[in-house]
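The structure appears below as structure tokens.
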């Protein structure tokens, strides 16, 4: 899986609690992405990063924040989880020379 | 803005039959096009990609896709389905490779293969 580790793989949390998902890569790729996958919607981009401390919003960024203090780690934070954020979250990485992205195994988050 | 349309959410074929999964895209610039496959409880795996050059691209597991600019299509085919092809398939488009480049996905199609 292209040296991408997502943690945790599964999490159940309560509404209103903060949650942080971690994406760790060993490929030294510059670009990193967070997507969420929901039935009937495919994958939608939440946030992405094009370098350390350089991040930008995707199409469904409300309620999410990200941080990237090291090349290898990209964190996704739900400041106050809501039931609508129940989803499967995927991290992806890409080099500047490539057009395709490589995906992690995903994190299944349930907000109750 | 770029977008992908995958009509229908489910395709069912018999083992040994032709697989055809349709994808149409919209892009303001020459696109890069992709097909990804997702097996249950796994991440997405790249099946094939089109960048430039030959419009018929071959991927893994016997799949291929043809880029047709006039039809804005990038349909995925496989001559003979195998049980192991049962999965969800996503078509995606990207406009370039720069810092702000990102993949836009279709909603996905679930392929079932009947014995």
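Residue numbers (this note's numbering), protein chains in the order written: chain A, 13 to 124; chain B, 46 to 160.
For each residue, glycine too, the CB sits at the ideal point set by N, CA and C.
All of these numbers come straight from a predicted model, not from anything done at the bench.
Checking 8 Å against the spacing of the C-beta atoms, do residue 81 of chain B and residue 66 of chain B come in under that value?
No, the Cβ-Cβ distance between residue 81 of chain B and residue 66 of chain B is not below 8 Å.
Inter-stretch contact at 8 Å, needing at least 3 Cβ pairs: the stretch 83-92 of chain A / the stretch 13-33 of chain A:
A contact exists between the stretch 83-92 of chain A and the stretch 13-33 of chain A.
If you draw a straight line from the C-alpha of residue 48 of chain A to the C-alpha of residue 99 of chain B, how long is it?
Rounded to whole angstroms, the separation of the alpha carbons of residue 99 of chain B and residue 48 of chain A is 32 Å.
In the stretch 52-85 of chain A, which residues sit with their C-beta less than 9 Å from some C-beta in chain B, listed in chain order?
Here the close residues are 52, 53, 54, 55, 56, 57, 60, 62, 63, 66, 68, 70, 71.
If you compare alpha carbons, which of B/134, B/127, B/146, B/46 is closest to residue 68 of chain B?
Minimum Cα-Cα distance from residue 68 of chain B among the listed residues B/134, B/127, B/146, B/46 corresponds to B/134.
Quick one: is residue 124 of chain A buried, meaning 16 or more other Cβ sit within 10 Å of its Cβ, or exposed?
By the neighbour-count rule (16 or more Cβ atoms within 10 Å), residue 124 of chain A is not buried but exposed.
Helix, strand or coil for residue 97 of chain A, going by three-state DSSP, please let me know.
Looking at residue 97 of chain A - three-state DSSP - the assignment turns out to be helix.
Output, in sequence order along the chain, the residues in the stretch 87-101 of chain B whose CB is closer than 9 Å to any CB in chain A.
So the list reads 87, 88, 89, 90, 91, 94, 96, given in the order they occur along the chain.
Contact between the stretch 142-151 of chain B and the stretch 49-57 of chain A is defined here as three or more beta-carbon pairs at a separation below 8 Å; is this criterion met?
Contact between the stretch 142-151 of chain B and the stretch 49-57 of chain A is present: 3 or more CB-CB pairs across the two stretches fall below 8 Å.
Between residue 81 of chain A and residue 65 of chain A, how many whole angstroms is the CB-CB distance? I'm expecting something under 8 Å.
For residue 81 of chain A against residue 65 of chain A, the beta-carbon gap comes to about 7 Å, under 8 Å, which counts as contact.
Beta-carbon separation of residue 64 of chain B and residue 122 of chain B under 8 Å?
Contact flag set, yes.
For residue 83 of chain B, report the span of its beta strand (DSSP E) as first-last.
In the DSSP assignment, residue 83 of chain B falls within the beta strand (DSSP E) that extends over 77-83.
Closer than 9 Å, Cβ to Cβ, to anything on chain A: give me those residues from the stretch 66-77 of chain B, in chain order.
Against chain A - using a Cβ distance shorter than 9 Å - the residues of the stretch 66-77 of chain B are 77.
Can you look up residue 140 of chain B in the DSSP assignment and give me helix, strand or coil?
Under the three-state reduction of DSSP, residue 140 of chain B is assigned to coil, being neither helix nor strand.
Verify the CB distance criterion: does residue 119 of chain B have a CB-CB separation below 8 Å to chain A?
For residue 119 of chain B, the nearest beta carbon of chain A is not closer than 8 Å to its own beta carbon.
Rank B/75, B/79, B/46, B/155 by C-alpha distance to the C-alpha of residue 110 of chain B and give the top, closest one.
Taking the Cα of residue 110 of chain B as reference, the smallest distance to any Cα among B/75, B/79, B/46, B/155 is reached at B/79.
From A/116, A/100, A/69, A/122, pick the residue whose C-alpha is nearest to that of residue 39 of chain A; which is it?
With distances taken between CA atoms, residue 39 of chain A lies nearest to A/116 out of A/116, A/100, A/69, A/122.
Hey, could you find the ends of the beta strand (DSSP E) residue 19 of chain A is sitting in?
Segment 16-19, the beta strand (DSSP E) holding residue 19 of chain A.
List the endpoints of the continuous beta strand (DSSP E) containing residue 85 of chain A.
85-90 is the span of the beta strand (DSSP E), which, as asked, contains residue 85 of chain A.
Closest Cβ-Cβ distance between residue 156 of chain B and chain A: below 8 Å?
For residue 156 of chain B, the answer is no, since every Cβ of chain A falls outside 8 Å of its Cβ.
Short Cβ contact (8 Å threshold) for residue 45 of chain A with residue 147 of chain B
The criterion of a C-beta distance shorter than 8 Å is satisfied by residue 45 of chain A and residue 147 of chain B.
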